[in-house]
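J.: Protein sequence lines, in the order shown, are assigned to chains A and B. Residues in the first sequence are numbered consecutively from 1, following my numbering. Residues in the second sequence are numbered consecutively from 1001, following my numbering. From the three backbone atoms N, C-alpha and C, an ideal C-beta is built for every residue, glycine too.
There are 2 protein chains.
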Amino acid sequence: MTPAARRIVAAAEELFYHRGITAVGVDLIAEHSGVTKRTLYNQFGSKDQVVAAYLAGRDRRWRALVRATIDSCGDSLEAVTAPLVALQDWSAASTRGCAFLNALAELPDPAHPAHRVAADQKLWLRALFEELAGLAGCSDPATLAVRLLVLHEGVLATRLLGIDTLAESTALARSLVRAQT
Amino acid sequence: MTPAARRIVAAAEELFYHRGITAVGVDLIAEHSGVTKRTLYNQFGSKDQVVAAYLAGRDRRWRALVRATIDSCGDSLEAVTAPLVALQDWSAASTRGCAFLNALAELPDPAHPAHRVAADQKLWLRALFEELAGLAGCSDPATLAVRLLVLHEGVLATRLLGIDTLAESTALARSLVRAQT
DNA sequence: TCAGAGCTATACTGATCGGTAAAGTTGACG
DNA sequence: CGTCAACTTTACCGATCAGTATAGCTCTGA
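Structure (structure tokens):
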């Protein structure tokens, strides 16, 4: 990625997340990144590709944070709920919920490149939950993974509503893990 | 509501839910409802008001369904998870998730009339869970209500991802209720 | 030295956006 | 009969949409 491309994605992230994807035009992105619209199209080809790059970058950072949180856990039982703990650091001040869910809500077309990024991230999370549950010796990793995923998405959805359910959900998640050991 | 207004809201619901609110213009709504744009503005004054009417109508129908589901429950313990059961009938075929969450995702401005409608619906649901839990004799209705709300929103969020978690979440919800009695 | 990549600047396209103007039609009710 | 509200028709407004055209600048690397 060229310096200009990086600035474009950074500006797009700021604007898309806080104002919505459809509501933000390419002119605004170009202006906020101090770049010409020509450069934006030379680098990305279309607005849709900028959207995909925005989500892909966010996904990369999120996964890194989750992995770091897992690594910082003492035992494997605690690690199962690490993604919930990571959510505490992840945009704690933000009241705009999950960027990926929001993108899916805004872009109904399944062919949009953003769909793959968003769906992949959630499937990855479910698989991760299942893997962690297996390592911790849980009796039914697949079922537990679905339950933890629902809690995770529920926290993000209620955050969009201005209701903070993270602490409560994390506590519930821990008890679900404990019940399977 | 005049006949034309009803047709406008019906067309708006169909279009907004499946294509997104920002992506649908007033011209398209007028065309699909067989009504002039002038009539639309005479009836609603602005696109934002059409959005609010769309969500308000959906909310009314959703609450009616939930109440009916509660009434059809045999005992008060079963009634606590009635909103989850209602979700089974509610747009089961739809893969576009929750209209209210989607609206909040698309419209960041808290001053938008849609925000009140969406937030009210979720706060109503939480209060309903709490009331039902109280009637069923649960030990901690407030905590249980938050947990059930998270599960509810989690089901809707994962539905947007194409993952069906309703059965699993309903089972979990029932066990949470049982644990409090 | 010179070619090419990265980038800027300005201007433009046709389409669509939310919203309005002005004037006319229809049917129900007093 | 007359009136009023609901609704229609056509045309328009300035702004913004995603995307393109053309031309020129600057730095790097062979």
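So, are the CB atoms of A1086 of chain B and C1073 of chain B less than 7 Å apart?
T.: no
J.: May I have the straight-line CA-CA distance separating P113 of chain A from A119 of chain A, to the nearest angstrom?
T.: 10 Å
J.: I think T1158 of chain B touches E168 of chain A, with their Cβ atoms under 8 Å apart; what is that distance to the nearest whole Å?
T.: At roughly 19 Å, the Cβ-Cβ gap does not stay under 8 Å, so T1158 of chain B and E168 of chain A are not in contact.
J.: By Cβ distance below 8 Å, which residues in the same chain neighbour V9 of chain A in space, the five residues on each side in sequence not counted?
T.: M1, V50, A53, Y54 and G57
J.: Helix, strand or coil for V66 of chain A? Go by DSSP, reduced to three states.
T.: Reduced to three states, the DSSP call for V66 of chain A is helix.
J.: What residues in the segment 1113 to 1131 of chain B have a beta carbon less than 9 Å from any beta carbon of chain A?
T.: A1118, A1119, K1122, L1123 and R1126
J.: For the segment 1014 to 1026 of chain B, which residues have a beta carbon sitting closer than 8 Å to at least one beta carbon of chain A?
T.: H1018, R1019, G1020, T1022 and A1023
J.: Rounded C-beta distance between V24 of chain A and A4 of chain A? I'm assuming under 8 Å.
T.: Distance from V24 of chain A to A4 of chain A at the Cβ level is roughly 18 Å; contact not present, criterion being Cβ atoms closer than 8 Å.
J.: Which of the residues in the segment 165 to 177 of chain A, read from start to end, lie with their CB under 7 Å from any CB of chain B?
T.: T165, E168, S169 and L172
J.: Alpha helix (DSSP H) containing Q1115 of chain B: first to last residue?
T.: A small fix is needed here, since residue 1115 of chain B is His in this sequence, not Gln. For H1115 of chain B, the uninterrupted alpha helix (DSSP H) segment begins and ends at P1113 to L1135.
J.: Counting only Cβ-Cβ distances shorter than 7 Å, please list the residues of the segment 1030 to 1045 of chain B near chain A, keeping chain order.
T.: none
J.: So what's A1082 of chain B in DSSP terms, helix, strand or just coil?
T.: Residue state, collapsed to three classes: helix.
J.: Please classify H115 of chain A: is it buried, with 16 or more other beta-carbons within 10 angstroms of its beta-carbon, or exposed?
T.: Counting the other CB atoms within 10 Å of its CB gives H115 of chain A a total of 16 or more, which places it among the buried residues.
J.: If you follow the alpha helix (DSSP H) that D1075 of chain B is part of, which residue opens it and which one closes it?
T.: From DSSP, D1075 of chain B is part of no alpha helix (DSSP H); its letter is neither H nor E.
J.: A12 of chain A touches chain B at which residues, Cβ-Cβ below 9 Å?
T.: The premise fails here: A12 of chain A is roughly 15 Å from chain B at the closest Cβ pair, so nothing lies under 9 Å.
J.: Measuring only between beta-carbons, confirm whether F1084 of chain B sits less than 7 Å from chain A.
T.: The sequence given here has Leu at residue 1084 of chain B, not Phe. Not closer than 7 Å to any Cβ of chain A, the Cβ of L1084 of chain B fails to qualify, so no.
J.: Would you say T158 of chain A lies against chain B (beta-carbon separation less than 7 Å)?
T.: Interface with chain B (7 Å Cβ-Cβ cutoff): T158 of chain A is included.
J.: Strictly under 7 Å for the Cβ-Cβ distance: is P141 of chain A near chain B by that measure?
T.: So no, P141 of chain A is outside the interface.
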